[in-house]
Amino acid sequence: MTADDSGAAPRDMDTEDDAVRDVPVDDPSGAENGSAPHHAAAHSGATTHGGADDGGNPGADDGAGNPGADNGDENNDENNIAVRLEQLILGADRRYTPFQAARGAGVSMDLAARFWRAMGFADIGQVKALTEADVLALRRLSGLVEAGLLSEAMAIQVARSTGQTTARLADWQIDSFLEGLTEPQDSGLTRTEITYPLVELLLPELEEFLVYVWRRQLAAATGRVVRAQDDAEMVDRRLAVGFADLVGFTRLTRRLEEEELGELVEAFETTCSDLVAAHGGRLIKTLGDEVLFSADDAGIAAEIGLRLIETMTNDETMPELRVGIAFGTVTTRMGDVFGTTVNLASRLTSIAPKDTVLVDEAFAEELGRIGDAPVSEADAAAAEKAAAEGTGAPPPSYRFALQPMWQRPVRGLGVVEPWMLSRRNGQGAND
């Protein structure tokens, strides 16, 4: 389905409720127009109940009006396995056209199409491509709206965020995970023949693990919201936001082979993900040569930024890294972050010298407020001297040092004064 969720249906889609009611449930072909989600078999090239696949649309004929045209025994065998895989994964046969599914769920075709598009399913016309699970999903989403738990716009956002996240997960699992496990064995079986029993074994385990991780993440996210000081902070929150960017990545893309480049990016993303999670931050997203992370506490963000630099510096296979962090109000939507603070962190990253962490003035002030860095290096030095001479109290134990850098104009943000972040007195990371 298209990404348009404005409610406007394609020209050939009849969205009137009367039109939906006029489609008999047992009609073998359904209506001649409308949209339906495009499921696994469409992506895999599978047929729908024997029909040939045309351009990824299940149920299309061979161009001459002959469904199930014979493209050779080998193609038929692969199609049969693809259909069986889809039935295994979806847990049911295709039974309904989109009009039938919408009517069974008690929603208009227009709303059903908006939900399907938000979930990332392609328009495929009125073929029998839907299962009982599709009807139930529509019924659940519309039920949340009818009960007043979600607005219609919010329900569409739920569908979109879930669709985008799981689509990326599914692509990764197939491209990386299953591909490695389905290498042809000495048994003489082909990759296609190995895939079915492998998926049959892995599917329930992966499903349970997905639900477990989602529940843990949901619990953590809920806890952060509950700890917010007021209602406004639940939406527009003050966070530390950081970018970490590989230096010279464009040159690397011209020098390395594709496989080597892929391994480098995967190692970079894995290292960043592990470090961010281990020290209490949240990885917002990865962009190949760049990662975006956030933390509720400036001290946590500072530790993450320095750890990233230290780890990459000690890895001879990795290019130099630069990090920029800003602190301020951030708007969160669908797991992403937006606002001036995010833009400032990105700009700081672009001007940071290699293997350094640059922070903005608000971040430096926050580190001073929470006692992780001295507000004034001169005052800190005087306090240390007095303590050493026995004429003053022991100075605070600061974790970080801040060095003011040159003021410079930053596109779209005016003049900013970056601060270079380092560990206090050159001390190493505390493991």
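Using my numbering, read the sequence shown as starting at 38 and increasing by one per residue. Cβ coordinates follow ideal geometry from the N, Cα and C atoms, glycine included.
Exercise. For P455, is the classification buried or exposed, using 16 other Cβ atoms within 10 angstroms of its Cβ as the cut-off for buried?
Worked result: Locating residue 455 in the sequence shown gives position 418, counting from the first residue. Counting Cβ neighbours within 10 Å, P455 comes out buried, since at least 16 surround it.
Problem set entry | Per-residue burial, G44 [other beta carbons within 10 Å of its own, 16 or more giving buried] | Walking along the sequence shown from the start, residue 44 turns up at place 7. No answer about G44 holds up, because its pLDDT of 37 lies below 50 and its placement is not dependable.
Exercise. Looking at A129 and A139, is the spacing between their C-beta atoms short of 7 angstroms?
Worked result: By one-based count along the sequence shown, residue 139 stands at place 102. By one-based count along the sequence shown, residue 129 stands at place 92. No.
Problem set entry | Beta-carbon proximity list for A382, same chain, < 7 angstroms, skipping 5 on both sides | For the purposes of this step, residue 382 is taken as the residue at position 345 of the sequence shown. The residues are V278, G279, F280, G361, I362 and A363.
Exercise. Should Y133 go down as buried or exposed, given a rule of 16 or more other Cβ atoms within 10 Å for buried?
Worked result: Position 96 of the sequence shown, counting from 1, holds the residue named residue 133. The residue in question, Y133, is buried, as its Cβ has 16 or more Cβ neighbours within 10 Å.
For this session: Using the Cα positions of V453 and L239, report the straight-line distance between them to the nearest angstrom.
Result: Locating residue 453 in the sequence shown gives position 416, counting from the first residue. Locating residue 239 in the sequence shown gives position 202, counting from the first residue. Each residue's Cα considered, the two are about 52 angstroms apart.
For this session: With DSSP as the reference, please indicate the residues paired to G342 in a beta bridge.
Result: Within the sequence shown, the letter at position 305 stands for residue 342. Answer is none; G342 lacks a bridge partner.
Problem set entry | Beta-carbon gap between A401 and L343 smaller than 7 angstroms | The residue labelled residue 401 in the question sits at position 364 within the sequence shown. The residue labelled residue 343 in the question sits at position 306 within the sequence shown. It is not a contact, given that the beta carbons lie outside the stated cut-off.
For this session: For V62, name the three-state secondary structure that DSSP assigns.
Result: Residue 62 sits at position 25 when you count from the first residue of the sequence shown. Here V62 scores only 40 on pLDDT, less than 50, and its place in the model should not be relied on; the value that follows carries that caveat. Three-state result, V62: coil.
Exercise. Where N351 and L276 are concerned, what is the direct C-alpha to C-alpha distance, given to the nearest angstrom?
Worked result: The sequence position of residue 351 within the sequence shown is 314, counting from 1. The sequence position of residue 276 within the sequence shown is 239, counting from 1. Looking at the two C-alpha atoms, the distance is approximately 29 angstroms.
Exercise. Straight-line CA distance for A332 to T368?
Worked result: One-based indexing of the sequence shown puts residue 332 at position 295. One-based indexing of the sequence shown puts residue 368 at position 331. Approximately 14 angstroms, taken between the alpha carbons.
Problem set entry | Start-to-end residues for the beta strand (DSSP E) that takes in W443 | Residue 443 sits at position 406 when you count from the first residue of the sequence shown. For W443, there is no enclosing beta strand (DSSP E), since its DSSP letter is neither H nor E.
Problem set entry | For E327, three-class secondary structure by DSSP | Counted from its first residue, the sequence shown places residue 327 at position 290. Strand at E327.
Exercise. Under 7 angstroms between the Cβ atoms of M156 and A207?
Worked result: Taking the sequence shown and counting its residues from 1, one reaches residue 156 at position 119. Taking the sequence shown and counting its residues from 1, one reaches residue 207 at position 170. Cβ distance not < 7 angstroms, so M156 and A207 don't count as in contact.
Exercise. My guess is that L450 and R359 are in contact by the Cβ rule of under 8 angstroms, so how many angstroms apart are they, rounded?
Worked result: Indexing the sequence shown from 1 puts residue 450 at position 413. Indexing the sequence shown from 1 puts residue 359 at position 322. 18 angstroms between Cβ atoms; not a contact.
Exercise. Exposed or buried, which one is R274 when buried takes at least 16 other CB atoms within 10 Å?
Worked result: The count along the sequence shown starts at 1 and reaches residue 274 at position 237. Buried is the call here.
Exercise. Since A304 is in the alpha helix (DSSP H), which residue starts that stretch and which ends it?
Worked result: Position 267 of the sequence shown holds residue 304. E295 to A315 is the extent of the alpha helix (DSSP H) around A304.
Problem set entry | For L127, the nearest candidate out of G141, I161 and A166 (CA to CA) | In the sequence shown, counting from the first residue as 1, residue 127 sits at position 90. Out of G141, I161 and A166, A166 has the C-alpha closest to the C-alpha of L127.
For this session: Look up G180 in the DSSP assignment and say whether it is helix, strand or coil.
Result: The residue you call residue 180 lines up with position 143 of the sequence shown. The answer is helix: DSSP assigns G180 an H, G or I state.
Exercise. How long is the line joining the alpha carbons of V394 and G299, rounded to whole angstroms?
Worked result: Indexing the sequence shown from 1 puts residue 394 at position 357. Indexing the sequence shown from 1 puts residue 299 at position 262. Using only the alpha carbons, I get a separation of about 26 angstroms.
For this session: Look at L283 and L312 and say whether their C-beta atoms are less than 7 angstroms apart.
Result: Position 246 of the sequence shown, counted from the start, is the residue given in the question as residue 283. Position 275 of the sequence shown, counted from the start, is the residue given in the question as residue 312. Contact: no.
For this session: Please report how far the alpha carbon of W443 lies from the alpha carbon of I388, in whole angstroms.
Result: Counting from 1 along the sequence shown, the entry for residue 443 is found at position 406. Counting from 1 along the sequence shown, the entry for residue 388 is found at position 351. Cα to Cα, W443 sits roughly 11 angstroms from I388.
Exercise. If M355 and F437 are in contact, beta carbons under 8 angstroms, what's the gap, nearest whole angstrom?
Worked result: Position 318 of the sequence shown holds residue 355. Position 400 of the sequence shown holds residue 437. In fact, because the Cβ distance is near 23 angstroms, the residues do not count as touching under 8 angstroms.
Exercise. Of all the options L404, E347 and S434, which has the alpha carbon lying nearest to the alpha carbon of T308?
Worked result: In the sequence shown, residue 308 corresponds to position 271, counting from 1. Closest by alpha carbon: E347.
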